[in-house]
Amino acid sequence: MGMRILVVGGTGLVGKRLCAALALAGHDLRAVSRNVPRSVPHLPPGTDLRPLPKTDDEWTSLVDGCNAIFNLAGEGLVEGRWSEDRKKSLRDSRVSLTDSLVRACGATVRRPRVLVNASAIGFYGPHGDEDLNESSAPGDDFLAEMCVAWEQAALAAKDVGLRVVTVRIGVVLSMNGGSLGKMLPPFRLGLGGPFGTGEQYFSWVHEDDLTGLLIHALDNESVEGAMNGTAPNPVRNGEFAKTLGGILNRPAFLSPPDFVIRLALGEVADAILLTGQKVLPAVAQKTGYKFRYETAEDALRALLDRPAAA
Numbered sequence: 118m119g120m121r122i123l124v125v126g127g128t129g130l131v132g133k134r135l136c137a138a139l140a141l142a143g144h145d146l147r148a149v150s151r152n153v154p155r156s157v158p159h160l161p162p163g164t165d166l167r168p169l170p171k172t173d174d175e176w177t178s179l180v181d182g183c184n185a186i187f188n189l190a191g192e193g194l195v196e197g198r199w200s201e202d203r204k205k206s207l208r209d210s211r212v213s214l215t216d217s218l219v220r221a222c223g224a225t226v227r228r229p230r231v232l233v234n235a236s237a238i239g240f241y242g243p244h245g246d247e248d249l250n251e252s253s254a255p256g257d258d259f260l261a262e263m264c265v266a267w268e269q270a271a272l273a274a275k276d277v278g279l280r281v282v283t284v285r286i287g288v289v290l291s292m293n294g295g296s297l298g299k300m301l302p303p304f305r306l307g308l309g310g311p312f313g314t315g316e317q318y319f320s321w322v323h324e325d326d327l328t329g330l331l332i333h334a335l336d337n338e339s340v341e342g343a344m345n346g347t348a349p350n351p352v353r354n355g356e357f358a359k360t361l362g363g364i365l366n367r368p369a370f371l372s373p374p375d376f377v378i379r380l381a382l383g384e385v386a387d388a389i390l391l392t393g394q395k396v397l398p399a400v401a402q403k404t405g406y407k408f409r410y411e412t413a414e415d416a417l418r419a420l421l422d423r424p425a426a427a
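Counting in this note's numbering, the sequence shown runs from 118 upward without gaps.
Listed below in structure tokens is the structure:
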């Protein structure tokens, strides 16, 4: 029998695909949007779509009667420089919203059983070549500190009886947006290449596997706490660029100097593009998740519809 599932952030890159999969599995969906009319075409028919709550009472009404919640909300990280106002907006769209959601879980009588909350691999901060799993320590830059606060806000739902999973999402590979969508135009023109030295690790995940991991967190009661949402074989940025160029039959050696990237993006450059993390999905694999795409080449070939030569 299907569950009633609330998806906050259901119209984003990850949320739309998750909602489609949940509807296909027979679940009853409830979602929220800042622009309801514009969001209707992007969600499965029959979705109970509501405006983003503005008060605690509205949040409580939204949560009431749902069996499970996915919270994927959060403004895009790589959309301009991180001014202090921008940092506050990024944090509020994650931490403050999650605080409101968790308060609602405590206030409703018919409360959910599980909260699957997004986080990000930025939790770990830059870590060079070190293997990182869910027990690794957090970093100390802005992105890491925000992720720590985001996860703490979600984990407060344990106090009112919910099982909580925080999914530390890596770089999502999709043809519908995200990093790959920004990379493809220059690569197709033969103008692509790695960021900086290309030695930094790139912890990626195919969109289908991320959807699978989120549903795995929902369905598997042994999953609790942090779970990395990344593929099992992270690659160096230079290797990823070389693989993408090879699949497209284009050169991939043009790399903008570090100072140009820093000039354009400021703090974002060092937090996301010029440094990296080698993140491994230890919890997902230990609890039985089977990846469809274990290598970046397999993931890219599937997305670009470029199968390997026999």
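For glycine and all other residues, C-beta sits at the position ideal for the given N, C-alpha and C.
{"Query": "Span of the beta strand (DSSP E) holding residue 333?", "Result": "That residue, residue 333, is in no beta strand (DSSP E); its alpha helix (DSSP H) goes 324-336."}
{"Query": "Could you check the C-alpha separation between residue 208 and residue 351 for me, to the nearest Å?", "Result": "27 Å"}
{"Query": "Check each candidate in 320, 371, 199, 346 and name the one with the smallest Cα separation from residue 258.", "Result": "199"}
{"Query": "Can you give me the start and stop residues for the beta strand (DSSP E) that residue 283 sits inside?", "Result": "280-286"}
{"Query": "Quick check on DSSP: helix, strand or coil for residue 422?", "Result": "coil"}
{"Query": "Can you list, in chain order, the residues of its chain whose CB lies under 8 Å from that of residue 298, leaving out five sequence neighbours each side?", "Result": "291, 292"}
{"Query": "With 16 other CB atoms within 10 Å as the buried threshold, where does residue 268 fall?", "Result": "buried"}
{"Query": "Going by CA-CA distance only, name the one from 128, 135, 156 that's closest to residue 334.", "Result": "135"}
{"Query": "Look at residue 388 and residue 311 and say whether their C-beta atoms are less than 8 Å apart.", "Result": "no"}
{"Query": "Count the C-beta pairs between the segment 322-333 and the segment 373-386 that are closer than 8 Å, then say yes if the count reaches three, no if not.", "Result": "no"}
{"Query": "DSSP on residue 198, reduced to helix/strand/coil?", "Result": "coil"}
{"Query": "Starting from residue 155, trace the beta strand (DSSP E) in both directions and tell me its first and last residue.", "Result": "Not the beta strand (DSSP E): residue 155 falls in the alpha helix (DSSP H), residues 153-156."}
{"Query": "In whole angstroms, what separates the C-alpha of residue 396 from that of residue 248?", "Result": "6 Å"}
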